[in-house]
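Position 481 (the sequence shown) corresponds to 481 in full-length UniProt numbering; numbering is contiguous. Quick notes on the structure that follows.
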Amino acid sequence: MPSSRKITLEDAAVVLSQLLHIQFWQANRQPDDLALIASCTQLLEAKPALHSLLKLAHGQNETNYASITDSPLFPAFVSAAAQAALRDTGEKLENALARESHLPSWEPRISASSPIYSDTDVRKHLASLGLRKTSEFTTDMSIILHDLGGFEHDPPLRARVTRLFTPRNKFLVNASGTGKTRLCYEGLCTNWGLYFTLHVDSGWLGSHDIQSKLEGLLEYHRNRHSIEDSQPPEQTTLLASRWFGVLLLCRLLILQQFLEIVSSDAGGIHTEHKLRWLELQLAPPQFKAGAQDVFTRVGNALEEHSNDMANLQSDIDDALRKIRHVIGHDSPMFIVIDEAQVGLDPKSWQLLTRGACTFICAGIKIPPSIVAGGIGDGFEWTSDTGEFDDPDAHERYIEKFLPPALRDSSSGHLLGSRLWRWCRGRHRFTDKFLSILLTNGLQFPHTTLSQFIEAGTGLRPLDAVQVCHEEAHPQPRHWSFSFGTPTFQTLPPDDKNHVLSVLYRLMGTHQTNKFDVQRIDLVYKGHGRFIDANMSQIAFDEPSILVLAARQLFPAPVQPIEGRPNNRPSTFISSLQLNPPKTRQDIAHCLAFYLSQVLGRQQLLTEILDFPHSTPVWARQTAQLVRFHLNDSGESEHSMVDSDIFRSLLPLATETSSLEETTEWIEHKYGTTFCISSSPNLDLLCAVRLEDGSFIWLAIKTLAADEHVTDEILKPMVSLLDIDNVFLEEDVVDSTSVRQAINALRSLPGVKKQRPVFLRAFTAFPNEIDLSNCVDKRRRDCANVSFRALRRSKHQVMQEDFFDAIINGAIAGTKRKSQWDNGSLHENRKRSKMLEMDLIYASKRDYVLSREPDPQVWWDMAGEELSEESESSFDFDSDPDTDTDTDSDSPSTSPRLGASKSPPSPPNPKSQQKRKLAAISEAESASATRKRKRYYH
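In C-alpha cells form, the structure reads like this:
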C-alpha cells in the first residue's frame with residue numbers, strides 16, 4: 001500500500017543521507033561530506049525534481065529506492081571540487097538548452113565592395129539555409145553543421161549512417177576530407193553517444209580536452225626520457241589510462257547532467273535531444289571567451305583529487321547505470337573517436353565501459369600499434385564514406401546553397417560545371433569553396449573560384465578568363481584562402497615516379513588508375529582515397545590534388561641565375577630530364593604529347609626522324625599528324641592534327657587492353673590521334689600525312705633506358721616491330737585476329753607504291769640508342785625518334801605546353817560531365833594574356849603590367865650553341881603557337897638529329913594585339929635583364 005504520510009524536506013534529506021551512506025558502503029568507499037544531512041538539504045533545495053522523486057518513491061513504499069539511486073538526479077560520488085565544477089556546468093547547460101539551438105545563427109557581413117549582401121532576396125535566401133557558427137565570438141560559419149541530422153531524410157545517406165552505427169566496433173578509414181566526420185555527426189544525431197576528437201582543426205569543432213591530455217602526455221614522456229628516469233614504461237601506460245579515463249568519466253557525468261535537465265521537461269526525452277547533446281559536444285560552452293570549456297573544467301577538477309582518480313571504475317559504472325536508466329537498457333550507446341590516426345588506444349576505454357558502449361574510431365590511418373596489439377580484433381574495418389562522383393548529385397548539392405538569381409543564371413550554370421571540373425571527389429573541396437563563396441564571394445563567384453583553386457594548387461586556372469573579367473573584382477589577386485592540401489615536394493623516388501606515371505597517363509589518355517590496398521600509402525598521404533566500402537579500391541583522380549602535384553613537380557619556369565642549377569626549366573626536354581618517365585608506357589604517353597607538338601604543324605620528317613643509314617627520298621619532305629575517325633554514316637574521314645589538340649575534351653591517345661581493341665582503333669572506331677597498344681612489340685601507333693598527300697603509319701617501340709642498350713637487346717625488337725610480326729605474342733594463338741589487325745594496317749588509304757605503309761621507329765629515354773648495327777643497310781623503313789631532336793631549335797616544345805597538357809588531362813579525366821559543361825579547358829597563358837588585354841582595352845580599364853617575363857628557349861641553353869637556323873632567326877619573344885615553317889625543296893642528305901636545317905620562316909603578319917603583347921614581353925625581358933645586371937654588379 002502506498003504511504004499516505006507526506007515527506008517533508010527535512011525527512012527527504014534524512015532519507016537521501018541514508019541512501020548515500022548505503023551507496024558509499026556498497027562501493028567499498030568511505031562516506032564523505034556529500035552524505036551529511038546538511039549537504040543533502042542543500043542538494044534537495046537546488047534540485048526540486050530529486051525531492052519529488054523521493055516523495056514518489058516513499059509514497060509507493062519502494063523498498064530499495066532503485067528509482068532514485070539509478071536516476072541522473074542522484075549525485076555522483078566525486079570530490080567537492082568536481083561537484084562544484086558540475087554545478088557551474090549545469091548552469092551553462094540550462095542556458096544552452098533554453099535556446100532553440102546551442103549553435104548561433106550565421107549572418108553575412110555587409111560590405112561596400114560586395115553590395116549583393118545588402119540585397120533583400122539574397123539575405124532572405126541565406127537566412128533560409130539555417131547556417132550556423134560555433135560561437136558568438138566568431139564571424140565564420142561552419143558549413144559542416146548545415147542541416148545537421150538531414151541525412152535521415154536522404155535514403156542513400158541514411159543507409160550509409162545505419163551501416164556505420166551498428167553494434168560492432170568499427171574503424172572508419174579514409175583520406176582527409178572524404179566525409180568521415182560528418183558521418184559520425186549524423187550517427188550521433190540519431191543515437192546517444194560521446195564524441196571525442198584527438199585533434200581540433202581550424203573549424204574549432206569539439207572539445208580540446210583530449211588533445212590537451214595527449215600533448216601533456218607527450219611532454220611528460222619527453223621529460224622522463226630527458227632526465228633518464230628509471231620509471232618503467234608500464235607507469236606511463238598506467239598514467240595515460242588514468243588521464244583518458246578521467247576524460248571518459250567527465251563526459252559521462254556531463255551527459256548524465258544533460259539527461260537530468262531534459263528529463264524534467266514535460267515532454268520527456270526525445271530524438272531531438274540527441275542532436276542537442278551533439279551540439280554541446282561540438283561547441284562546448286565556455287566560462288568566458290577563450291577560457292576552458294565545460295569538459296576541460298570538470299576533467300581538471302576530477303584529475304586534481306586523488307579519490308576521484310582512485311575510484312574511476314566505480315564512478316564510470318555508476319554514471320553508465322544512471323544514463324542507461326534514462327535512455328533505456330536496450331538503447332545503443334556509442335563512443336566516437338575522431339582523428340584517431342593521432343594514436344589513442346581505445347582498449348583501456350573498452351575495459352572501463354565493460355563493453356557497454358560501441359566504439360567507432362575514424363581517421364586517415366589507424367596506427368599500427370593499435371592493430372598489432374590485438375586491439376582491433378573485435379573491430380570491423382570500413383571505408384564507406386561516399387564521394388562526389390556524380391555530376392548531377394554534385395549539382396543538386398551546390399544549387400541549394402546558391403541564391404536563386406545566381407543559381408538559374410548562365411553564370412551559375414558555368415559555376416556548377418567549373419566546380420565539377422576542378423573540385424570533384426572528396427566532399428571537403430566543394431564545401432570549403434561554398435563556405436568562402438557564401439561568406440565573401442557572391443559578388444564575384446568565378447573570381448572567387450579561380451582564387452580558391454590557385455590558393456589550393458598554385459595554378460591560376462584559365463578556363464573562365466572572360467567571365468572573371470566581367471565580374472570586375474577591384475582586387476582579384478589580393479585574397480588569401482586557407483586550404484589544407486597534401487604535398488608532393490619531398491616524395492621518395494619510388495613515390496615520385498608513381499605520381500609522375502599517373503600524371504603522364506592522364507595527359508595522354510584522360511584515364512586514371514584504380515589501385516588496391518597495396519597502395520594504401522596514397523590514402524595516408526592524402527593523395528588518393530578509398531572509393532568502396534571495403535578498403536579495396538583506391539582512386540588517385542581528383543583534379544585539385546593532381547593539379548597540385550603537377551604544379552609542385554613542374555613549377556613555373558624561372559630564368560636560372562648564373563652558376564646555379566636550372567631546376568625550373570622553360571623547355572619540355574629539360575623538364576622531362578628532371579622528371580623522367582620510368583616505364584615504356586610512361587614514355588609512350590610523353591611521346592604522344594611531344595609528337596602532337598612537333599608534328600602538329602608541317603615539319604620536315606628529317607628533323608624528327610634519324611634513319612640509321614641513308615635517308616629515303618620520300619622522307620625528305622614535310623609531314624603532319626592526321627587523325628582518322630568515322631562520321632555519322634560510319635565512313636572513314638580524316639583531319640589534320642593541330643598542336644593545340646590537347647586542349648580539347650578528346651584525349652590524345654586511346655590505351656588498348658587487347659588486340660581486338662587495337663584493331664578497332666586501327667579501323668578508326670575511337671577517333672583519337674594515337675594508340676597506346678596492348679602489344680608488347682608496339683607501344684605507340686599514329687598516322688602522318690606527307691607533303692605529297694600520301695599517308696604512312698608511324699609505329700614506335702619505346703624503351704626506358706637508364707643504361708646503354710646493347711645490339712643484342714635491340715635486334716629482336718627491330719624484327720618484332722615488322723608489320724607482319726608486330727601483333728605476334730606467345731599467348732596469342734588466334735591467327736585470324738592477328739591477320740585482321742595486319743590487314744587493317746595495310747588498308748591505310750593513300751599509300752604510294754615503292755613506299756612502306758609501316759614506318760618502324762624507336763625511342764629510348766633518358767639514354768638514346770643506336771640502330772645502325774641492328775638494321776640492314778638496304779632497309780628504309782626504320783628510324784630513331786628522339787625527344788632531343790629540336791633541343792637547339794626555337795621550335796622546340798615548351799614546358800608550359802607540357803604542363804597545360806597535364807592539367808587538361810587532370811580536369812578532363814572523367815567521362816561524366818556536368819550538363820552545363822561548355823568544353824572549355826585550361827587555356828594557353830599567352831593567349832589568355834592577349835584576351836585579357838583585349839577585354840581591358842575594350843572596357844577602358846587600367847592595365848597592370850605583369851612583371852613576370854615569358855619563358856624563353858635560351859633560358860635552358862647555358863653553355864650551348866644554337867643551331868644555324870636558330871642563330872639566324874632566333875626571336876626571343878616569338879610565339880611557337882603562331883609561327884609556322886614554310887615548305888622547301890627536299891634536301892639531298894639527311895641532317896642529323898638536333899641540327900635543324902630548314903630555312904628560316906618568313907615573318908607572319910601580326911595583329912595589333914600581338915604587337916602589344918610583343919612590346920610588353922620586350923619591356924618585361926628588358927626589365928629582367930636590368931635586374932640581372934644589378935645583381936651581378
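In this text, a Cβ means the ideal position worked out from N, Cα and C, and glycines have one as well.
CB-CB length for residue i against residue j, believed under 8 Å
i: G90; j: D209; result: 18 Å between Cβ atoms; not a contact.
i: L546; j: N579; result: Actually they are not in contact, since the Cβ atoms of L546 and N579 sit about 14 Å apart, beyond 8 Å.
i: T763; j: L591; result: 6 Å
i: I807; j: A539; result: That pair is no contact at about 19 Å.
i: D70; j: H325; result: 4 Å
i: H146; j: L164; result: So it is not a contact: roughly 20 Å between Cβ atoms.
i: A175; j: G526; result: 6 Å
i: Q256; j: K322; result: 5 Å
i: residue 943; j: I723; result: Residue 943 lies beyond the stretch modelled for the chain, which goes from 1 to 937, so this question has no answer here.
i: L652; j: S596; result: 6 Å
Sequence-distant residues of the same chain with beta carbon closer than 8 Å to residue i, five excluded per side
i: H469; result: E836, L839, I840 and S843
i: L630; result: S636, E637, H668, K669 and G671
Identity of the residue in the options nearest residue i by Cα
i: L459; options: F695, D293 and L548; result: L548
i: L73; options: D318, S678 and E730; result: D318
i: E542; options: A76, I269, M717 and H510; result: H510
i: V751; options: I696, T702 and S263; result: I696
i: I573; options: I144, V797 and D147; result: V797
i: A705; options: R584, Q597 and W665; result: R584
i: T353; options: F379, D330, E380 and S314; result: S314
i: Y504; options: S570, L419 and I676; result: I676
i: residue 939; options: L698, E707 and R792; result: Since the first residue shown for the chain is 1 and the last is 937, residue 939 is missing from the structure and cannot be characterised.
i: D692; options: I713, L720 and W618; result: W618
i: L419; options: D392, H270 and D265; result: D392
i: P581; options: S818, V499, I327 and Q30; result: V499
i: A472; options: E852, L93, S113 and R29; result: S113
i: C782; options: T656, T606 and F646; result: T606
i: Q60; options: H102, K6 and N28; result: K6
i: V688; options: S639, E800, T662 and V709; result: S639
i: A46; options: R87, S417 and T615; result: R87
i: V718; options: N784, A744 and Q740; result: N784
Nonlocal neighbours in the same chain, by C-beta distance under 6 Å from residue i, ignoring five residues either side
i: S241; result: S348
i: R428; result: G177
i: S17; result: A35, I37 and C40
i: F803; result: F554
i: L194; result: R251 and I335
i: Q281; result: Y195
i: R845; result: none
i: L690; result: Q621 and A623
i: R816; result: P391
Reduced DSSP secondary structure (H/G/I, E/B, other) of residue i
i: A12; result: helix
i: A764; result: strand
i: S105; result: strand
i: C357; result: coil
i: S17; result: helix
i: Y65; result: coil
i: T120; result: helix
i: S226; result: Caution applies to S226, whose pLDDT of 48 falls short of 50 and renders its modelled position unreliable; the value that the coordinates give is listed next. Of the three classes helix, strand and coil, the one that applies to S226 here is helix, per DSSP.
i: S636; result: strand
i: A623; result: strand
i: F515; result: strand
i: D32; result: coil
i: C423; result: helix
i: F646; result: helix
i: R689; result: strand
i: F787; result: coil
Own chain, CB closer than 7 Å to residue i, minus 5 neighbours either side, in chain order
i: Q913; result: Low confidence applies to Q913: its pLDDT is 45, below 50, so where it sits in the model is not reliable, and the reading given next is rough at best. Counting only Cβ-Cβ distances below 7 Å, and skipping sequence neighbours, we find M834, M837 and D838.
i: H305; result: S79, A81 and A82
With contact counted as at least three CB pairs below 8 Å, one residue from each stretch, are the region 376–385 and the region 169–188 in contact?
-> yes
Tell me, please, whether the region 398–415 touches the region 807–816 by the rule of three or more beta-carbon pairs shorter than 8 Å.
-> no
Say whether the region 608–617 touches the region 783–792, bearing in mind that this needs 3 or more beta-carbon pairs closer than 8 Å, one atom from each stretch.
-> yes
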